[in-house]
Amino acid sequence: MKISKPRGTRDFLPEETTRRRHVENIMRQVVNNWGYHEIITPTFEKLDLFTLKSGEGVVGELYNFMDKGNREMTLRPELTAPVMRMYVNGLQANPRPLKLFYFENCFRYERPQKGRYREFWQFGVEVIGSKLTDADAEIIALASEMIRAVGIQGDLHVGHLGIIRHVLRDLGSEEQTKIMRLVDKKDDSGLEDYLEEIHASAEIRRNVLELICLSGEDAVLKARQIIGDIEELDHFEELLTLLAAYGVNYNIDFGIARGLDYYTGMVFEIYAEGLGAQNQVCGGGSYQLIQLFGGGDVPSTGFGLGFDRIMEICKIEPDRAVNAVVIATDETRTDAIRVATAMRETIPVYLDIMKRNFKAQLSYANNMNADFAVIVGKREVEAGQVTLKDMHSGEQTQLTLEEAIRQITL
RNA sequence: GCCGGGGUAGGGUAGCGGUUAUCCUGUAGCCCUGUGGAGGCUACGAUCUGGGUUCGAUUCUCAGUCCCGGCCCCA
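Numbering-wise, the first sequence is residues 1 to 410 according to the working numbering.
So, in structure tokens, the structure goes:
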């Protein structure tokens, strides 16, 4: 009976796994250099953690289950909530700000499509304990750097929820949410229709529509003309100054709404070409979740990178490690094991475990694209040496094992 | 949850009512038991699942399932 893999999951074959680890390691290098520390949270959590954060509606998109003690559990659909839970449970007394990152798989029960799987990997970063613009700027700069480091041309959009919320402040919260949703979708005609429908004042209507299409150098100036000198615009302007200092290219976009209510100020998204309908590779912002999970009034800012989408468009290839195959005959098999064991202290070595004849071993070395063959035959054993064969040129010489290793690692 | 396009050896494919189910590639082995890549030969290996129509279904039909793309959603 042949068993297929569950829908929306993937097997990563050796070549692809090597690529993924290579890209992962580059991104780890970046966050390490920025002074962030890795954390690991459970693969499954209590269901409440996510319904508390995102509402009962998310259950439809979760891999939830009842455990044998009748507790409602779910595979994690994201990592921001677990990290905040972890903070409340065990990190509240640590010096702030905390600079954390994670790289883990998440699970969502959704219809798979390009760049969307039921098991997917998120590389995320969170700063806990600073509400300053400096933290926001660092987070955006770090996200940009990670994207850049893996060779992707990203399109960064930065906005600030406080600004559009200021415009909408006189409307009911339900209406605000609906408007934010339409704004996020860039559904301008839908937005106009809805503003009409709720009889929003001419001023609100005009301000919203003008605000969301502002862009370019003088966007902040124009925003001031529309809504006046509010504190949020000062913060936003400062953020842009810091981003410029980091050398980050950005597009101002007051139309980013990022769904849910816990985002408090800065929001950003990074898009990339070549991904079909799911073109967002990174999203983040500043938020307030810790109180929701029973902690204090601690602000955070962070982002999540869609690792699978990055892999989809990332072109970088790992350098292939130089490798060798040790080739033996029947009577020198144990000598070959000793040679391979010694060599493995420095380089990857393949050794025949199929009792193949000499020729077949060499053929295997060729098929697997080995750089060197190290021949350990009767003649070599008697001479206390090995024969090193360069598989690319075909040249070979008999020398001591130490010399052979030195040549290979040159 | 909805819409469209697809499922034939491990990968890529041909056949479209009756075939020994085609070819390429792959893997294993032999020609050739101390020298690889070529060639020849041999072996391995497939009609997504279940109903229906039919004397007979890989082919037609329905349902399911999985894959691909899109909608909804996107924390």
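Here a beta-carbon is modelled for each residue, glycine too, at the ideal position from N, C-alpha and C.
To the nearest angstrom, how far is the alpha carbon of residue i from that of residue j?
{"i": "D193", "j": "L182", "result": "10 Å"}
{"i": "Y117", "j": "I313", "result": "16 Å"}
{"i": "S54", "j": "L260", "result": "7 Å"}
{"i": "Q92", "j": "D48", "result": "21 Å"}
{"i": "R76", "j": "A149", "result": "28 Å"}
{"i": "D155", "j": "L243", "result": "14 Å"}
{"i": "I268", "j": "G294", "result": "Just to set this straight, residue 268 is Phe in the shown sequence, not Ile. If I take the Cα positions, the gap works out to 27 Å."}
{"i": "L184", "j": "I256", "result": "Strictly speaking, residue 184 in this sequence is Asp, with Leu absent from that position. Near 5 Å, if we compare the C-alpha coordinates of I256 and D184."}
{"i": "T80", "j": "K389", "result": "53 Å"}
{"i": "S393", "j": "M27", "result": "37 Å"}
{"i": "V23", "j": "L100", "result": "19 Å"}
{"i": "G57", "j": "F50", "result": "10 Å"}
{"i": "E232", "j": "S189", "result": "27 Å"}
{"i": "A219", "j": "V349", "result": "60 Å"}
{"i": "M354", "j": "G151", "result": "41 Å"}
{"i": "K5", "j": "M368", "result": "28 Å"}
{"i": "I204", "j": "M180", "result": "13 Å"}
{"i": "A404", "j": "T346", "result": "12 Å"}
{"i": "Y246", "j": "N33", "result": "15 Å"}
{"i": "L191", "j": "K2", "result": "51 Å"}
Quick one, which of the options has its alpha-carbon nearest residue i's?
{"i": "P42", "options": "N105, E72, T400", "result": "N105"}
{"i": "V386", "options": "Q398, L75, Y250", "result": "Q398"}
{"i": "T241", "options": "I313, E138, I230", "result": "E138"}
{"i": "G162", "options": "M66, H199, V150, G265", "result": "G265"}
{"i": "R85", "options": "G115, F44, R108", "result": "F44"}
{"i": "E382", "options": "A336, G274, I140, N251", "result": "A336"}
{"i": "T74", "options": "V59, T80, Y87, V83", "result": "V59"}
{"i": "H157", "options": "C282, L191, K114", "result": "C282"}
{"i": "S286", "options": "I347, R258, Y263, Q280", "result": "Y263"}
{"i": "V31", "options": "E145, Y87, G284", "result": "E145"}
{"i": "E317", "options": "R7, P6, T17, D11", "result": "T17"}
{"i": "D319", "options": "E15, T400, A223, D11", "result": "E15"}
{"i": "N25", "options": "F103, L142, M391", "result": "F103"}
{"i": "R379", "options": "V208, N323, T400, M368", "result": "T400"}
{"i": "N207", "options": "G216, D218, E217, L195", "result": "L195"}
{"i": "I164", "options": "N369, G151, K178, P112", "result": "K178"}
{"i": "V167", "options": "A200, D187, A141, E61", "result": "A200"}
{"i": "G306", "options": "V83, E331, Q278", "result": "Q278"}
{"i": "K46", "options": "P82, N33, F123", "result": "P82"}
{"i": "V88", "options": "A245, V322, Q288", "result": "Q288"}
{"i": "I140", "options": "M311, Q396, N249", "result": "N249"}
{"i": "Q122", "options": "D308, P112, A202, A342", "result": "D308"}
{"i": "D187", "options": "G296, I310, C213", "result": "C213"}
{"i": "I310", "options": "G115, N94, Q29", "result": "G115"}
{"i": "D413", "options": "Y246, A245, L221", "result": "Any property of residue 413 remains undetermined from this structure, which presents the chain solely from 1 to 410."}
Please list the terminal residues of the continuous alpha helix (DSSP H) segment that includes residue i.
{"i": "H166", "result": "161 to 167"}
{"i": "E15", "result": "14 to 33"}
{"i": "E395", "result": "Unbroken run through E395: none, as it is neither H nor E."}
{"i": "Q122", "result": "Segment 119 to 128 is the beta strand (DSSP E) holding Q122; no alpha helix (DSSP H) there."}
{"i": "F236", "result": "231 to 246"}
{"i": "A340", "result": "333 to 343"}
{"i": "N367", "result": "358 to 367"}
{"i": "E402", "result": "401 to 408"}
Residue range of the beta strand (DSSP E) that residue i falls in?
{"i": "Q280", "result": "280 to 287"}
{"i": "F447", "result": "This structure gives no information on residue 447, because the portion of the chain shown stretches from 1 to 410."}
{"i": "S300", "result": "300 to 306"}
{"i": "E72", "result": "72 to 75"}
{"i": "A373", "result": "372 to 376"}
{"i": "M66", "result": "64 to 66"}
Grab me the residues of residue i's own chain with a C-beta within less than 7 Å of its C-beta, minus the 5 sequence neighbours each way, in chain order.
{"i": "E238", "result": "T133"}
{"i": "F358", "result": "I327, T329"}
{"i": "L210", "result": "Looking at the sequence itself, residue 210 is Glu, so the reference to Leu does not match. Cβ within range, chain order: I226."}
{"i": "G97", "result": "Contrary to the premise, residue 97 reads as Pro rather than Gly in this sequence. Same-chain partners within the cutoff: V127, I128, G129, S130, A135."}
{"i": "Q407", "result": "L388"}
{"i": "T332", "result": "V376, G377, K378, V381"}
{"i": "A342", "result": "L401"}
Report all residues from its chain with a CB closer than 6 Å to the CB of residue i; omit the five preceding and five following residues, and keep chain order.
{"i": "E175", "result": "I198"}
{"i": "I119", "result": "The amino acid at residue 119 is misidentified as Ile; the sequence shows Glu. T9, N105, F107, listed in sequence order."}
{"i": "E78", "result": "C106"}
{"i": "F236", "result": "H160"}
Near residue i, what residues of its chain come up, given a Cβ to Cβ distance below 8 Å and the 5 sequence neighbours on each side ignored?
{"i": "F12", "result": "R20"}
{"i": "I270", "result": "A143, S144, I147, G154, D155, L156, H157, Q280, V281, C282, G283"}
{"i": "A370", "result": "N323, A324, V325, Y350, M391"}
{"i": "R258", "result": "L161, D184, V267, E269, G283, G285"}
Between the segment 360 to 379 and the segment 313 to 333, do at least 3 Cβ pairs fall closer than 8 Å? yes
Would you call the segment 290 to 302 and the segment 126 to 145 in contact, with 3 or more CB pairs under 8 Å? yes
Does the structure place the segment 30 to 38 close enough to the segment 67 to 75 that three or more beta carbon pairs sit under 8 Å? no
Stretch-stretch touch, CB-based, cutoff 8 Å, three pairs: the segment 56 to 65 with the segment 274 to 289: no
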